[in-house]
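**Q** Right, I'll just put the structure down here and ask away after.
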Amino acid sequence: MIIEAINKRKSWLAFSERNIEPEKLEAIFEAARLAPSSMNIQPWRFVYANHNEPEFQLILDTLAEGNKRWARDAATLVLSIAQTEYMHNDKLYKNAYAWHDTGMANILLMVQAAELGIESHPMGGFDHLKASQNFNLPKEYESVLTIALGYRGDENSLPEDSLKRQNAPRKRKPIEEVAFKRSIK
Ligand SMILES: Cc1cc2nc3c(=O)[nH]c(=O)nc-3n(C[C@H](O)[C@H](O)[C@H](O)COP(=O)(O)O)c2cc1C
1 MIIEAINKRK SWLAFSERNI EPEKLEAIFE AARLAPSSMN IQPWRFVYAN HNEPEFQLIL
61 DTLAEGNKRW ARDAATLVLS IAQTEYMHND KLYKNAYAWH DTGMANILLM VQAAELGIES
121 HPMGGFDHLK ASQNFNLPKE YESVLTIALG YRGDENSLPE DSLKRQNAPR KRKPIEEVAF
181 KRSIK
């Protein structure tokens, strides 16, 4: 059941450097590739790097200090990117759903990872401009999110506050506060 993978996904903090098998990484990106998108534009792009590759450092360098502390142990770092403009009949249009659709691809990616026993952690805390520069993104491509991926690591290596956060029960609004029949009150 997909709800099991959705429940399993949690923003993880203690990562092991164990490599993610290439076929699992492929399955993770395949899930993202299958996301729906406005006019089927498929605005998402992913730049990813495994721990031992130089581009790993290029993504890591963009992260906020608090994220660097644990994301440096991830097996793979992903930079999720949205193409914000598209061509139609030789005219250039702004895609108002570019970030939204990239977000949908991101969650499929993370849920598929969870299904495969791979932890993930989305991070908005990074220098978007630096990420665009590090990967020479053309101006119609915007960096949206960074995602740490990897197998579970040793929790004892985490600082106490991170360990507490990781083991805290999931906090969500009750369903009555988010799903309504008429108005949203
Ligand atoms: C767009 C976005 C940006 C986020 N940025 C960060 C971040 O910079 N650092 C961090 O530790 N967690 C970050 N998170 C993780 C959230 O804090 C987390 O998803 C939320 O607390 C719910 O917890 P859960 O993912 O474990 O269910 C981000 C999540 C999203 C979706």
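Letter by letter, the sequence shown follows residues 1 to 185 of our numbering.
The beta carbon of each residue, even a glycine, is placed where N, CA and C say it ideally should be.
In three-state DSSP terms, what is residue 126?
**A** Here the question's residue 126 lines up with position 126 in the sequence shown. Residue 126: strand per DSSP, three-state reduction.
**Q** Verify whether the separation of the beta carbon atoms of residue 45 and residue 81 is less than 7 Å.
**A** Residue numbering aside, residue 45 sits at position 45 when the sequence shown is read from its first letter. Residue numbering aside, residue 81 sits at position 81 when the sequence shown is read from its first letter. Yes. Within cutoff.
**Q** Using DSSP bridges, identify the partner residues of residue 81.
**A** Position 81 of the sequence shown, counting from 1, holds the residue named residue 81. DSSP, once it has assigned bridges, lists 45 and 143 as partnering residue 81.
**Q** Per DSSP, what are the beta-bridge partners of residue 119 in this structure?
**A** Position 119 of the sequence shown holds residue 119. Note: residue 119 sits in a beta bridge opposite 150.
**Q** Between residue 53 and residue 65, what straight-line distance do the alpha-carbon atoms span, to the nearest angstrom?
**A** Taking the first residue of the sequence shown as 1, we reach residue 53 at position 53. Taking the first residue of the sequence shown as 1, we reach residue 65 at position 65. A straight-line Cα-Cα distance of about 21 Å links residue 53 and residue 65.
**Q** Just reading off the alpha helix (DSSP H) that residue 58 is part of, what are its end residues?
**A** Taking the first residue of the sequence shown as 1, we reach residue 58 at position 58. Looking at the DSSP string, the run of the alpha helix (DSSP H) that includes residue 58 is 54-60.
**Q** Tell me which same chain residues have a C-beta within less than 6 Å of the C-beta of residue 37, skipping the five on either side of it?
**A** One-based indexing of the sequence shown puts residue 37 at position 37. For residue 37, where only same-chain residues beyond five positions count, the Cβ hits under 6 Å are 101.
**Q** Looking at the structure shown, is residue 15 part of a helix, part of a strand, or coil, going by DSSP?
**A** Taking the sequence shown and counting its residues from 1, one reaches residue 15 at position 15. Residue state, collapsed to three classes: strand.
**Q** Under 7 Å between the Cβ atoms of residue 74 and residue 131?
**A** What you label residue 74 is simply residue 74 of the sequence shown in a count that begins at 1. What you label residue 131 is simply residue 131 of the sequence shown in a count that begins at 1. No, Cβ-Cβ distance for residue 74 and residue 131 is not below 7 Å.
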